[in-house]
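Please read the structure below before turning to the comments.
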Amino acid sequence: MSAETVHLKAQLPQTPPPELVHDPLKAKSTVHGSLIREPMPLMGSLNHFKPISRTNCKRNFATVWGNSPKENYLHIHPLNNFNDDLDKNLNVITSYQARPAEDIFRNSAERHLGARGGWHADIGYEPHSADYTVLKLTQLPESGGDTLWASSCEIYDKISPAYRSFLETLTATFEQPRYFQTCKEKGFELYTDSRGSPANVGTSLKAHHPVVRTNPVTGWKSLLGVGNHCQKIDDLTAEESRRLHDWFLQMIVETPDVQCRFRWNNPYDTAIWDNRTLFHTANLDYAGCGLRTGHRAVGIGEEAYFDPASSTRREALDAEKRAKGEVFDGKNRGPENLLAME
89 MSAETVHLKA QLPQTPPPEL VHDPLKAKST VHGSLIREPM PLMGSLNHFK PISRTNCKRN
149 FATVWGNSPK ENYLHIHPLN NFNDDLDKNL NVITSYQARP AEDIFRNSAE RHLGARGGWH
209 ADIGYEPHSA DYTVLKLTQL PESGGDTLWA SSCEIYDKIS PAYRSFLETL TATFEQPRYF
269 QTCKEKGFEL YTDSRGSPAN VGTSLKAHHP VVRTNPVTGW KSLLGVGNHC QKIDDLTAEE
329 SRRLHDWFLQ MIVETPDVQC RFRWNNPYDT AIWDNRTLFH TANLDYAGCG LRTGHRAVGI
389 GEEAYFDPAS STRREALDAE KRAKGEVFDG KNRGPENLLA ME
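So for the sequence shown, the working numbering puts the first residue at 89; every next one is plus one.
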């Protein structure tokens, strides 16, 4: 993976290491200028930063890292009762609180889905959905509970150009009706004020997004119309929509080269990723092995859009190589290709 690479744990560029960046504006330039497009090595867990800071780092995360619209902040989960009592912008992720309304192990087995049914990009049901997510686990089960990511850019590149042209004309309906049942069972009230963006208000928890979107940072196309928030592909019959969604999901599940799997080894391990180019899911294989608990901060990005002038990831990278003379296409003879021809 490249720009969509999962940024796991504390990460540093390849040697020589850069000077530490303390200025948010310089940090923004560094992230969006180079690091966002390059694979990053794995480092140690962030155990000297206990819970995610509740101070200015969250504001910087939303506005600097995420390059979010100025009116956006961090997401407030509609089920705010699950959130940290001291900070609405910090979501508590725990297998304990999910019971009994969301017995994830039981429901997963009953639906015969397992991790297959858990693939999603965060808060797709909001009109302004997520850009970057930071997830830090503080309590780990004895085994299991890995997180998997899949590149929505790479999946899209595997689709034929003719079929891509059709998909780029479609929109999809995203919705999260399950939260209403959770409120009813647990006596919760749905959080209806601004959930990190003036666009994310009310009780509908429903949005329409393009099936194919453009990442504003890289300019690359990626698949969006899939996941457990995607209820249907608009303007298609129910059967056509279901078959198309199942095909998208099949590509995620059955294509290992688009996936990255991370085993949470230590408390305070941290993952950072861009929901605009990655789907993710937790592996629900830790029943009876202890709690899986952590904190999540979700930045709010722009309204998802499709730019017809944007390119796929492979198209963009190939164009860059051709410009540098690194791809042999009958005209350019880069060093790599000359060596391969000998």
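Backbone N, C-alpha and C fix where the C-beta goes; we use that ideal spot for every residue, glycine too. This structure is a prediction, so every number in the text was calculated from the model and none was measured.
Across the structure, GLU256 and GLY378 are spaced so that their CA atoms are roughly 44 angstroms apart.
Within 10 angstroms of the beta-carbon of GLU214 lie 16 or more other beta-carbons, which makes it buried. For THR381, there is no enclosing alpha helix (DSSP H); the residue is part of the beta strand (DSSP E) that begins and ends at 381-388. Only buried fits THR400, as 16 or more other CB atoms lie within 10 angstroms of its CB.
A Cβ-Cβ separation of about 17 angstroms leaves GLY284 out of contact with HIS208 under the 8 angstroms criterion.
By alpha-carbon distance to TYR251, the top candidate from SER282, PRO157, LEU332 is LEU332. PHE268: member of the alpha helix (DSSP H) spanning 266-274, first to last residue.
In this structure, PRO166 sits near TYR267, with a CB-CB distance shorter than 9 angstroms. For VAL300, the enclosing beta strand (DSSP E) has its first and last residue at 300-302. By the Cβ test, the segment 279-293 is not in contact with the segment 222-242, since fewer than three Cβ pairs between them sit closer than 8 angstroms.
With 16 or more neighbouring CB atoms inside 10 Å of its own CB, PHE336 falls in the buried class.
LYS176 and LYS412 have their C-alpha atoms some 48 angstroms from each other.
Under the DSSP assignment, HIS368 falls in the beta strand (DSSP E) whose first and last residues are 366-370. Fewer than three pairs of CB atoms, one per stretch, sit closer than 8 angstroms, so the segment 362-380 makes no contact with the segment 274-281.
Bridge pairing for ASP362: TYR220 [DSSP]. DSSP places ALA375 in the coil class of the three-state scheme, outside both helix and strand. Leaving aside the five residues that flank LEU324 on each side, the residues in its chain whose CB is nearer than 8 angstroms to its CB run, in chain order, LEU258, LEU332.
Residue pairing from DSSP places GLU263 in a beta bridge opposite LYS294.
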